[in-house]
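Number 3 in the numbering used here belongs to position 3 of the sequence shown; there are no gaps in the numbering. Where is the CB? At the ideal position from N, CA and C, for every residue including glycine.
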Amino acid sequence: ARLSLSHIALGHTMDDQAETILYRLGRYGGLRSLRAMVPTDGLLVRPLLCLRRVHTERYCRLEGLPFAVDRGNEYPGYARTGIRQRVLPAWEEAVPGAVEAVTRAAEVAGEVIEMLDTFVDAAEADCRRGRGLWSIARLLGLKPRMRRLVFHALLLARPGIEVSRAHVEALEELIHRPGCAEEGLGGGWKAIKTYDVLCFDLSGAPDVTEGVGEGAEPEQARLMVPGEVRWREAIVRAESGVDFYAPNGPWEAYVDERRVGDELCVRGWLPGDRVHPLGAAGSRKLQDVFADLRVPVWLRRQVPILVRGDSIVWVAGLVVAEDARIVRDTRAIVRLSVETDPGDR
1 ARLSLSHIAL GHTMDDQAET ILYRLGRYGG LRSLRAMVPT DGLLVRPLLC
51 LRRVHTERYC RLEGLPFAVD RGNEYPGYAR TGIRQRVLPA WEEAVPGAVE
101 AVTRAAEVAG EVIEMLDTFV DAAEADCRRG RGLWSIARLL GLKPRMRRLV
151 FHALLLARPG IEVSRAHVEA LEELIHRPGC AEEGLGGGWK AIKTYDVLCF
201 DLSGAPDVTE GVGEGAEPEQ ARLMVPGEVR WREAIVRAES GVDFYAPNGP
251 WEAYVDERRV GDELCVRGWL PGDRVHPLGA AGSRKLQDVF ADLRVPVWLR
301 RQVPILVRGD SIVWVAGLVV AEDARIVRDT RAIVRLSVET DPGDR
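See below:
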């Protein structure tokens, strides 16, 4: 950005692609190991992936173009050096055209993975109970192969975990355990089965409840209607004058505009908070609602709460207030939504 560059071209060739695939297959295994590098990756482009290294080197010599040689690529202690100097030449000798064939396989694998990710994302979203929570019952309702793919996606979304088949099998075993249980995943992460939900916790991360107790004020943000605001790692939106539809998942709610006004406050949970859940006989302590919905204690203060004055309008992902419901004489509707970052997976 400082240099105002639109793209950065890298010199990876077909040989680098084959090396990467063989290394990842040997190191990690799994379908994604076949995908390796892609020609375009945001700012990065790799225009030489369709050429062998011998061809690019020969062209530079014929044209008198100077080029650099990374001596680190010749260090015998690196696994890639062994693949480059011994495995690939032997493979090409035994199976002529093997390097080109494996790069074609990478292209096909990339297309398959892209299509598969669409199905996995849909299955994961269907199992999601709220911010950072997944329903055990819905996970168990998936076919085992799809469930394993969902687990793999959830693990990949947590930086610091060196994802392997063993991690996926550990999650599979965890959700079948009776009662509450947890499983270490490495990188400071652990998976927690609490009541009927699955969640993940990064041990050693700052305690989001630290310093928030009786009389303390949680982090707040003003949400104009219409408008949007960032609260922690989420984007909270209010859209006015919309038509009513069935909410598209827990992160969307439709409410009566009269109950919202021109401005809402987005904040976290406070001790003593009460809410009258939609359809319930009366108001309840929000703490009790959290308990009934099996929201882990450590996660409760991360839930965005939209309030007008002292009245809760929406506990995002969980509860719409009875006072905000759409009724027969509702004249205008406001759509509330929360868009979470990929880490919320």
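What does the alpha-carbon distance come out to for the pair residue i and residue j?
i, j, result
"Val295", "Val236", "20 angstroms"
"Trp231", "Gly272", "21 angstroms"
"Arg35", "Asp121", "18 angstroms"
"Ser283", "Val275", "5 angstroms"
"Leu22", "Gln85", "13 angstroms"
"Ala347", "Val307", "This structure gives no information on residue 347, because the portion of the chain shown stretches from 1 to 345."
"Phe119", "Glu111", "13 angstroms"
"Asp207", "Val297", "Legend: pLDDT at Asp207 = 42, less than 50; position of this residue unreliable, value from coordinates given subsequently. In a straight line, the C-alpha of Asp207 is about 11 angstroms away from that of Val297."
"Trp269", "Leu286", "8 angstroms"
"Thr20", "Gly97", "17 angstroms"
"Thr103", "Trp251", "41 angstroms"
"Leu299", "Val45", "40 angstroms"
"Ile312", "Ala170", "39 angstroms"
"Pro226", "His7", "37 angstroms"
"Ala18", "Ala9", "19 angstroms"
"Val338", "Arg267", "13 angstroms"
"Gly179", "Gly141", "18 angstroms"
"Gly215", "Gly309", "Residue placement at Gly215 is poorly supported in this model, since its pLDDT is 46, which falls under 50; the coordinates still yield a value, given next. Their backbone Cα atoms lie some 17 angstroms apart in a straight line."
"Gly249", "Leu293", "16 angstroms"
"Thr209", "Arg301", "Because Thr209 carries a pLDDT of 40, less than 50, the predicted location of this residue cannot be relied on, and no value is offered for it."
"Gly211", "Ala181", "Residue placement at Gly211 cannot be trusted, given a pLDDT of 40 that sits under 50; what the coordinates show is reported in the next sentence. C-alpha separation (whole angstroms): 27 angstroms."
"Gly279", "Ser4", "55 angstroms"
"Trp91", "Ala238", "59 angstroms"
"Ala324", "Cys199", "30 angstroms"
"Ala205", "Glu233", "Low local confidence applies: a pLDDT of 42 at Ala205 is under 50, so the model's placement there is unreliable, with the coordinate-based value given in what follows. Roughly 15 angstroms between the two C-alpha positions."
How many whole angstroms separate the CB atoms of residue i and residue j, which I take to be in contact at a CB cut-off of 8 angstroms?
i, j, result
"Trp314", "Val255", "7 angstroms"
"Val289", "Pro277", "7 angstroms"
"Ile113", "Arg32", "6 angstroms"
"Glu263", "Met224", "6 angstroms"
Do residue i and residue j have their C-beta atoms within less than 8 angstroms of each other?
i, j, result
"Ser135", "Val197", "yes"
"Arg52", "Met14", "yes"
"Glu172", "Arg148", "yes"
"Leu154", "Glu124", "yes"
"Val49", "Met37", "Before going further, note that residue 49 is Leu rather than Val in the sequence given. Closer than 8 angstroms, so yes."
"Leu185", "Ile161", "yes"
"Ala191", "Leu202", "no"
Can you check DSSP and say which residues form a bridge with residue i?
i, result
"Glu173", "Glu173 pairs with nothing; no bridge assigned."
"Asp201", "Lys190"
"Cys265", "Arg222 and Val307"
"Gly227", "Ala238"
"Lys285", "Arg274"
"Leu44", "Ile8 and Asp41"
"Ile333", "Asp256"
"Glu339", "Ile235"
"Trp91", "Paired residue(s): none; Trp91 is not in a bridge."
"Val319", "Val315"
Can you tell me which of the three DSSP states residue i falls into?
i, result
"Glu257", "helix"
"Met37", "coil"
"Gly30", "coil"
"Ala9", "strand"
"Val69", "coil"
"Glu162", "coil"
"Trp251", "coil"
"Gly211", "Unreliable placement is indicated for Gly211, whose pLDDT of 40 sits below 50; the coordinate value is still reported in the next sentence. If DSSP states are grouped into helix, strand and coil, Gly211 belongs with coil."
"Ala181", "strand"
"Ile326", "coil"
"Pro206", "Bear in mind that the predicted position of Pro206 carries a pLDDT of just 38, short of 50, making it too unreliable to give a figure here."
"Val99", "helix"
"Leu51", "coil"
"Ala76", "Sequence inspection shows Pro at residue 76; the Ala mentioned does not correspond to that position. Of the three classes helix, strand and coil, the one that applies to Pro76 here is coil, per DSSP."
"Val295", "coil"
"Phe244", "coil"
Can you tell me whether residue i sits near the ligand COA, meaning its C-beta is under 7 angstroms from at least one heavy atom of the ligand?
i, result
"Glu173", "Annotation note on the ligand COA: not contained in the displayed structure, which lists no ligands."
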